[in-house]
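Chemist: Supplied in structure tokens, the structure appears directly below.
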Amino acid sequence: MGVVTKKSKAVERAYVLAKERYAGMGVDVGEALKQLVRIPVSLHCWQGDDVRGFEDSGTELGGGLAVTGNYPGRARTPGELRTDLEKALSLIPGRHRLNLHACYAETGGKKVDRNELNPGHFQGWIEWARQQDLGLDFNPTFFAHPKAADGYTLSHRDPAIRKFWVEHGILCRQIGAAMGKALGTPCVTNLWIPDGSKDTPADRRAPRERLVESLDAIFKPPLSHRWNRDAVEPKLFGIGSESYVVGSHEFYLGYAITRKKLLCLDAGHFHPTESIADKLSAVMQYLPEILLHVSRGVRWDSDHVVTFSDDLQAIAREIIANGYAEQVHIGLDYFDASINRIAAWTVGTRNMIRALLLALLEPPAIRAAEAGDDLTSRLALQEEARGLPWGAVWDYYCLSQNVPVGQAWLGEVRRHEQDVLALR
Ligand code: RNT
Ligand code: ZN
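To convert, count from 1 in the sequence shown and add 189; that's our numbering.
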């Protein structure tokens, strides 16, 4: 623990009182913190540079992905992105993971197409992750490329385009496995494709048949489950694929169950009033593991920074209350270029962890009331729990993990902005 200051003493005093209060409700706060520190969150590298990557392909982002804002200081090189990530990680309690996209390959200035990538192009990331004690997760990149320009990839009518993307998918799984092996922790390799149609298609069936075929080809080469876990990410609609998404929910749920893959639930990929919280215990009846893309849609899949919303709390609550912390891989997926990007990472990740903490501190009397058919008490206790002093526990957790307490992290971000971002 850092130097003992007046402020840290106050944090500790508040913690002792909070702990007592929780003990009175049957909650062991020390035990909750022990569990919290073991739950990794996979930070998405793409918040740091507006999903640009390092290929410089000249192609626009595409795939229906849209980043708005032009806040200065975007990371332009792997070194800059790592510097910014190190800053964000120094403000976030616990040990976490980094989620990379294939377009963040380091090719030493050489043009390497997506179907030519190999683990060597990620050696810099792997070494850095090892130094930082981070696990890595991975994603093939099926957008921002001339061969994805018409909005179709793995389900494309042209077999040559499908072949190109199948090759990319296979290589990315091998890269994921190499990352997992090198770091001694399985890499979740998540596949999302933009394929779909702006207007009513005449044929909804053939692209889906082609997608099954392409996916089967990608997943054919056997890889150790120990080092690589494949996930597939469905979606309701996208910009430019409003009327039809080839990889829809039913499509990928069926695929994941029959092929034993992880299903990725992205919080922005459903109808706007739908929450993924309820879906966890539904899909977990059939799938041993899943991946989450925790995000925040505002009216649409807008990928706003994750805030401490009811929705977020409900997601964390379902992970913890159902004992899914080991089976549900938590990843973040949002991108906002209108604010300081390191602050965006910090706000979203700290919120995810805070929501997990709140869930770990849930008084057992709530569940007991339900088990005893006392629905009045269940509601009353659920609402009372919102006012319990969990903020004091959170502050103490930050203190004990040597990261800034409360808004103090913002000062660090401002300093980094002046000393580092302003010079870019
Ligand atoms: C797109 C998906 C996908 C991407 C990232 C960049 O709708 O959510 O996960 O956001 O791969
Ligand atoms: Zn996503």
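All C-beta atoms in this analysis are idealised placements derived from N, C-alpha and C, irrespective of residue type, glycine included. No experiment lies behind these values; they were computed from the predicted model shown.
Quickly, what does DSSP pair SER386 with across the bridge? List them, please.
Modeler: TYR433
Chemist: In whole angstroms, what separates the C-alpha of THR374 from that of ALA533?
Modeler: 26 angstroms
Chemist: Which value, in whole angstroms, describes the spacing of the CA atoms of LEU545 and CYS587?
Modeler: 14 angstroms
Chemist: Just curious, the beta strand (DSSP E) that HIS518 is in, first and last residue?
Modeler: In this chain, the beta strand (DSSP E) harbouring HIS518 covers 517-521.
Chemist: Go through its chain and collect everything with a Cβ distance to ARG575's Cβ below 6 angstroms, but skip five positions before and after it.
Modeler: none
Chemist: Could you name the residues of the same chain whose beta carbon sits closer than 6 angstroms to that of GLU244, not counting the 5 residues immediately before and after it, in chain order?
Modeler: CYS292
Chemist: Could you check whether ILE479 and LEU451 sit closer than 8 angstroms to each other, using their CB atoms as the reference points?
Modeler: yes
Chemist: Less than 8 angstroms between the C-beta atoms of TRP416 and LYS370, yes or no?
Modeler: yes
Chemist: Under the rule that 16 or more other beta-carbon atoms within 10 Å means buried, what is LYS208, buried or exposed?
Modeler: buried
Chemist: Quick test of your reading: ALA548 and ALA505, contact by CB under 8 angstroms. State the CB separation rounded to the nearest angstrom.
Modeler: Confirmed, Cβ separation roughly 4 angstroms.
Chemist: Let me check you understand the geometry: is the CB of GLU138 closer than 7 angstroms to at least one non-hydrogen atom of the ligand ZN?
Modeler: Nothing in the structure corresponds to residue 138, since the chain is present only between 190 and 613.
Chemist: Using 7 angstroms as the cut-off, classify the Cβ of VAL240 as near or not near the heavy atoms of the ligand RNT, replying yes or no.
Modeler: yes
Chemist: If you draw a straight line from the C-alpha of TRP314 to the C-alpha of CYS376, how long is it?
Modeler: Spanning the two alpha carbons is a distance of roughly 13 angstroms.
Chemist: What ranges does the alpha helix (DSSP H) occupy inside the stretch 307-354, keeping only unbroken runs of at least 4 residues that lie completely in it?
Modeler: You should have 312-321.
Chemist: Work out the CA separation of ASP500 and SER464 for me, nearest whole Å.
Modeler: 7 angstroms
Chemist: Could you please give me the residues that DSSP links to HIS493 through a beta bridge?
Modeler: ARG485
Chemist: Considering LEU218, what are the terminal residues of the alpha helix (DSSP H) in which it resides?
Modeler: It should be noted that the sequence gives Val, not Leu, for residue 218. Its alpha helix (DSSP H) spans residues 218-225.
Chemist: According to DSSP, which residues form a beta bridge with ASN379?
Modeler: ALA420
Chemist: If you reduce the DSSP assignment to three classes, tell me which class SER470 lands in.
Modeler: helix
Chemist: Starting from VAL401, follow the beta strand (DSSP E) in both directions and report where the run begins and ends.
Modeler: Note, VAL401: premise wrong, no beta strand (DSSP E); alpha helix (DSSP H) at 394-408.
Chemist: Measuring only from the beta carbon, is PRO598 closer than 7 angstroms to any heavy atom that is part of the ligand RNT?
Modeler: Inspection of the sequence shows that residue 598 is occupied by Trp rather than by Pro. It does not: the Cβ of TRP598 is nowhere closer than 7 angstroms to a heavy atom of the ligand RNT.
Chemist: Taking the Cβ atom as the reference point for each residue, do LEU280 and VAL609 lie within a distance shorter than 8 angstroms?
Modeler: no
Chemist: If the criterion is Cβ atoms closer than 8 angstroms, does the pair HIS290 and PRO229 meet it?
Modeler: Cβ atoms of HIS290 and PRO229: not closer than 8 angstroms.
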